[in-house]
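So the number in my numbering is just where the residue sits in the sequence shown, counting from 1, plus 338. Encoded as structure tokens, the structure appears first; notes follow it.
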Amino acid sequence: MTGAGQNPNRTSSCPICGAGMDVRQREWLFYCRGCDLWTSSLDTDSERTDLVYTHDEQAFQQLRTNHSAVIFEALAASGALEGLTMLDVGSSYGWFMEAARERGILPCGLEPQEEKAQRAIEKGLAIQLGYFPDDLDYSGRYDIIAFNDVLEHFRDADAAVRAARDILRPGGRLIVCCPDSHGLYYRLSLLLSRAGWKNPLDRLWQKGYPSPHLYYFSSASLEKLVARHGFGLVEDRELEASTIKGLWQRIHVDREKPSVFSVFLYVAALITHLVLQKLFKSDARLQIYRKLPEGRQAGSPLRESGASS
Ligand SMILES: [Zn+2]
């Protein structure tokens with residue numbers, strides 16, 4: 339039931355530089371040293387239907403709401419948001435679109451999971467069911483495109499970024515939020531995995547889930563992937579990786595009833611949240627890019643100005 343298959347189409351050459359990747363810790367896990375990029379050959383487990391959507395919603399609403407506030411504050415710092423058009427790729431329950439709407443932005447969303455899309459539609463949001471970019475019916479171009487915790491799920495993240503560029507207006511902005519492979523939880527999971535406890539690392543990759551992670555970026559590898567499509571990095575910062583509200587549901591998002599093990603994990607996650615997380619890098623990263631004019635060499639206005647967080 340929980341065993342995700344291997345995708346035979348996935349090779350172990352780096353999707354950014356094309357070099358061969360090292361197999362690390364699992365037969366489905368690859369690492370490019372040159373790019374600092376992790377990828378997996380995990381396949382979707384469409385058989386799995388035991389995810390508890392009420393837990394999923396409670397687990398992430400507070401966290402995503404906090405992230406939205408940070409993202410829109412960063413966007414607003416470089417100009418008014420009112421009247422801008424936005425496409426939210428993988429719009430989930432519509433929380434990010436609601437936050438956009440509150441700020442006068444005109445959002446539309448694309449979401450492949452019917453349960454989530456339906457919840458967003460009930461809030462009066464313009465949602466289309468399907469995958470990016472193939473199922474996108476909306477015509478026109480956008481001022482903002484958001485990949486909030488979705489880029490790592492794409493079979494071909496490179497093609498997704500390229501497609502986003504094609505439908506962004508000149509000077510438009512691309513928002514990317516991703517798990518960070520330099521984050522505390524990921525580092526800890528690698529250590530535990532090396533010591534023989536595989537569960538935390540498998541869980542971070544969402545092995546056996548309907549849509550597992552196929553990439554784990556660092557700040558550098560994410561920029562390397564995105565910038566070469568004519569984007570300039572204008573914001574690069576950590577986001578909080580967890581909130582106390584929702585943490586309990588997040589621990590057992592895949593089961594109706596918690597187990598003794600859930601309680602153990604919850605205590606460990608709570609300690610990590612309250613103590614360790616403040617001392618180490620966060621597992622969530624935000625990058626915002628601006629679409630550069632055609633023909634301009636990909637570069638990083640952020641790095642050039644030396645302002646990085
Ligand atoms: Zn590489």
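Positions of the beta carbon are idealized from the N, C-alpha and C atoms, including for glycine.
Could you pull the start and end residues of the alpha helix (DSSP H) that residue i belongs to?
i	result
I609	V598 to L612
F434	W433 to E440
P538	N537 to L542
V499	A495 to D504
Y524	L522 to R532
E310	This structure does not reach residue 310, given that the chain is present from 339 up to 647, and the question cannot be answered.
List the whole-angstrom C-beta distance separating residue i from residue j, where the pair is believed to meet the contact cut-off of C-beta under 8 Å.
i	j	result
H611	S580	5 Å
M435	L463	5 Å
G417	R457	Their Cβ separation, rounded to whole angstroms, is 31 Å, which puts G417 and R457 out of contact at 8 Å.
A357	S351	7 Å
W543	L380	6 Å
R503	R479	The Cβ separation is near 11 Å, so there is no contact.
F470	A498	6 Å
I465	A455	5 Å
R629	F569	This sequence places Lys at residue 629; Arg is not what is there. The Cβ separation is near 6 Å, so the contact holds.
Is residue i a contact residue of ligand 1, with contact defined as CB to any heavy atom under 6 Å?
i	result
G372	yes
C648	As displayed, the chain neither begins before 339 nor continues past 647, which places residue 648 out of reach and without an answer.
A558	no
A495	no
A357	yes
C516	no
I459	no
I505	no
I354	yes
Go to residue i, then tell me how far its beta strand (DSSP E) extends in each direction, as first and last residue.
i	result
I465	I465 to L467
I482	Y480 to N486
Q625	A622 to K629
E449	L444 to E449
S378	L375 to S378
L425	T423 to V427
L367	L367 to C370
Report yes or no: do the stretch 402 to 413 and the stretch 604 to 624 share at least 3 C-beta pairs separated by less than 8 Å?
yes
Run through the stretch 561 to 593 for me and flag every whole beta strand (DSSP E) of 3 or more residues, listed as ranges in chain order.
569 to 577
For the stretch 459 to 479 and the stretch 358 to 378, state whether three or more C-beta atom pairs, one from each stretch, are separated by less than 8 Å.
no
Touch test, the stretch 484 to 504 against the stretch 422 to 441, Cβ-Cβ under 8 Å, three pairs minimum:
yes
contact_flag[the stretch 550 to 570, the stretch 502 to 521] where n(CB pairs < 8 Å) is 3 or more
yes
Within 8 Å, do at least three Cβ pairs link the stretch 520 to 540 to the stretch 436 to 445?
no
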